[in-house]
Amino acid sequence: QPTSMNAFELISMSRALDLGNLFEE
Amino acid sequence: MGCFHSTAAREFSGHENPVKLASETAFSVSEVEALFELFKRISSSVVDDGLINKEEFQLALFQNRKKENLFANRIFDLFDVKRKGVIDFGDFVRSLNVFHPNASLEDKTDFSFRLYDMDCTGFIERQEVKQMLIALLCESEMKLADDTIEMILDQTFNDADVDRDGKIDKTEWSDFVIKNPSLLKIMTLPYLRDITTTFPSFVFNSEVDEIAT
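Residue numbers (my numbering), protein chains in the order written: chain B, 1 to 25; chain H, 1 to 213.
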């Protein structure tokens with residue numbers, strides 16, 4: 001439920017902030 | 001420390017020496033060399049110039065070189081330590097070092113603060129957080145009414161902005177992430193602990209014999 005989360009919890013869901021993607025073939 | 005064959009030295013010509021990079025980071029020499037294989041793959045994906053440009057970074061993150069993204073731009077800028085508009089191998093290794101499980105909480109907190117301080121004012125301001133929140137909603141095609149967004153921002157700043165000056169300073173951020181450790185989840189890549197086994201495809205090029213230290 002987004003309204004119970006703080007803004008940074010939502011923001012950290014961005015795909016761009018998962019640098020593990022750099023390692024994907 | 002690792003010994004380094006002349007062929008591998010040729011391999012790294014024009015790049016910082018992996019033995020030196022390993023001595024400055026949580027990575028072993030062979031892990032730095034494995035990262036070099038990853039770096040070569042990304043830095044040659046659009047222009048084979050031994051440097052990662054923004055398109056190559058976006059391609060590596062999204063498998064789409066044209067996908068502009070607020071957060072990818074911010075991460076790229078933070079990795080581009082020398083402000084050259086490209087990421088060289090030394091920047092790449094030192095920046096990824098912060099995401100190592102063994103990197104300090106302080107380094108992770110500092111990096112995440114700079115990540116969210118979009119305008120580099122030394123504070124995370126409400127307008128910046130709103131901009132990032134809207135960018136996230138667009139990226140995930142989620143729709144939230146504006147007053148819901150304002151409510152989330154109110155709640156967030158109520159928790160984080162202790163001195164109520166409308167912005168989050170470094171100390172407030174440090175205290176906030178201690179209370180909300182999940183916010184630093186993005187700052188640790190567990191498999192950086194041992195790249196050489198997790199990414200065997202990078203190991204076959206390895207030419208550095210690690211001498212037991």
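Don't be surprised by glycine CBs; every beta carbon is placed ideally from N, CA and C.
Item                                                                                                                                                                : Value
I'd like to check one pair, F111/H with V98/H: are the Cβ atoms closer than 7 angstroms?                                                                            : yes
So, with DSSP's three-state summary, where would you put E125/H?                                                                                                    : strand
Closer than 7 angstroms by C-beta to V86/H: which residues in its own chain qualify, once you throw out the five before and the five after it? Chain order, please. : L51, I52, N53 and D80
Is H100/H near L21/H, with beta carbons less than 7 angstroms apart?                                                                                                : no
Go through its chain and collect everything with a Cβ distance to P190/H's Cβ below 8 angstroms, but skip five positions before and after it.                       : P101
Tell me the rounded alpha-carbon separation between F157/H and A72/H.                                                                                               : 24 angstroms
Span of the alpha helix (DSSP H) holding D146/H?                                                                                                                    : D146 to A160
Tell me the rounded alpha-carbon separation between L38/H and R164/H.                                                                                               : 44 angstroms
K185/H touches chain A at which residues, Cβ-Cβ below 9 angstroms?                                                                                                  : In the structure shown, chain A does not exist; the protein chains are B and H.
Given that a residue counts as buried once 16 or more other Cβ atoms are within 10 Å of its Cβ, and exposed if not, what is Q58/H?                                  : buried
Does any CB atom of chain B fall closer than 7 angstroms to the CB of D154/H?                                                                                       : no
From Q40/H to A103/H, what does the alpha carbon distance come to, in whole angstroms?                                                                              : It should be pointed out that residue 40/H corresponds to Lys in this sequence rather than to Gln. Between K40/H and A103/H, the C-alpha separation is close to 24 angstroms.
Would you call the segment 174 to 182 of chain H and the segment 136 to 155 of chain H in contact, with 3 or more CB pairs under 8 angstroms?                       : no
For the segment 71 to 132 of chain H, list the alpha helix (DSSP H) runs that are entirely contained and at least 4 residues long, ordered along the chain.         : 89 to 97 and 105 to 116
Can you tell me where the alpha helix (DSSP H) holding E56/H begins and where it ends?                                                                              : K54 to F62
By how many angstroms is the C-alpha of D91/H removed from the C-alpha of E25/B?                                                                                    : 22 angstroms
Beta-carbon separation of S30/H and T196/H under 7 angstroms?                                                                                                       : yes
Is S13/H a contact residue of the ligand PLP, with contact defined as CB to any heavy atom under 6 angstroms?                                                       : Judged by which ligands are present, the structure shown has none, so any question about the ligand PLP falls away.
Is it buried or exposed, V129/H, if we count other Cβ atoms within 10 angstroms and call 16 or more buried?                                                         : buried
Taking DSSP as the reference, what is the three-state secondary structure of K167/H?                                                                                : strand
To the nearest angstrom, report how far apart D119/H and V32/H are at their CA atoms.                                                                               : 32 angstroms
List the whole-angstrom C-beta distance separating K167/H from I124/H, where the pair is believed to meet the contact cut-off of C-beta under 8 angstroms.          : 7 angstroms
What residues in the segment 153 to 172 of chain H bring their beta carbon closer than 7 angstroms to a beta carbon of chain B?                                     : L153, Q155, T156 and D159
A16/B and L183/H - do their beta-carbons sit closer together than 7 angstroms?                                                                                      : no
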